[in-house]
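Numbering (the numbering used here), first residue to last: 131 to 277.
Read through the structure below, which is laid out as C-alpha cells, and then see the notes.
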C-alpha cells in the first residue's frame with residue numbers, strides 16, 4: 131500500500147460530524163470552563179486534504195475554526211493549517227504512533243485516540259507554560275454524530 135493511501139486511511143476515521151464536549155481545566159486563578167459544540171471533517175475535492183470545521187463555545191466565547199490537514203510525505207507527518215473567527219492562524223503537525231495521535235504546535239500539544247469502535251475521539255490538550263513545561267490545559271471528547 132502506498133504512503134498516500136495509508137495516510138488517507140488514517141485520516142478517514144475522522145470524516146463525519148462529531149458532537150464536541152470538554153473542559154478547560156481550572157487553574158489557581160480561574161474556574162474550569164465548559165466546551166461544547168461540533169467538529170466536522172470532510173475530504174476536499176481530490177481526496178488529498180481533509181477540511182476540519184470547528185464550531186464550539188468555550189464558556190461564553192464562540193470559536194469557529196477552519197483547518198486543512200494533509201500529508202507531508204517528505205517530513206513523514208501531517209501538516210495542519212488553521213484559521214479562526216478571531217483573526218488567528220497557525221500550523222501544527224500531527225503524527226500517529228500505534229493508536230496515539232499527537233498534534234503539536236509552538237505552544238499547544240494534544241495526545242488522544244479513538245475508542246468505542248471509532249465513535250469517540252478523546253484526549254488532552256497541553257500548553258507550554260512560562261517555564262517551558264507542557265501542562266494539561268483542556269480535556270476534550272468528540273462523539274460521532276450517528277444521526
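Note that the Cβ used here is the ideal one computed from N, Cα and C, for glycine as well.
Model, not experiment: these values are computed from the prediction.
Quiz item: Which residues does DSSP pair with residue 240 in a beta bridge?
Solution: By 1-based counting over the chain shown, the position of residue 240 is 110. For residue 240, DSSP records a beta bridge to 233, 255.
Quiz item: Nearest-angstrom Cα distance between residue 231 and residue 270?
Solution: Within the chain shown, numbered from 1, the residue matching residue 231 stands at position 101. Within the chain shown, numbered from 1, the residue matching residue 270 stands at position 140. If you take the alpha carbons of residue 231 and residue 270, they lie about 13 Å apart.
Quiz prompt | Where residue 137 sits in the DSSP three-state scheme | solution = Position 7 of the chain shown, counted from the start, is the residue given in the question as residue 137. Looking at residue 137 - three-state DSSP - the assignment turns out to be helix.
Quiz item: Contact check, residue 141 vs residue 199 under 8 Å by CB: the rounded distance?
Solution: Position 11 of the chain shown, counted from the start, is the residue given in the question as residue 141. Position 69 of the chain shown, counted from the start, is the residue given in the question as residue 199. Confirmed, about 7 Å.
Quiz item: The beta strand (DSSP E) with residue 170 in it runs from where to where?
Solution: The residue labelled residue 170 in the question sits at position 40 within the chain shown. Counting along the chain, the beta strand (DSSP E) containing residue 170 begins and ends at 163–173.
Quiz item: Is residue 276 buried or exposed, if buried means 16 or more other CB atoms sit within 10 Å of its CB?
Solution: Here residue 276 refers to the residue found at position 146 of the chain shown. Result: exposed.
Exercise. Within the same chain, show all residues whose beta-carbon is closer than 8 Å to that of residue 264, passing over the 5 residues directly before and after it, in chain order.
Key: Position 134 of the chain shown, counted from the first residue, corresponds to residue 264. Cβ neighbours of residue 264 beyond the five flanking positions: 239, 256, 257, 258.
Quiz prompt | Contacting residues, own chain, Cβ-Cβ under 6 Å from residue 225 (five flanking each side not counted) | solution = Numbered from its first residue, the chain shown carries residue 225 at position 95. 207, 232, listed in sequence order.
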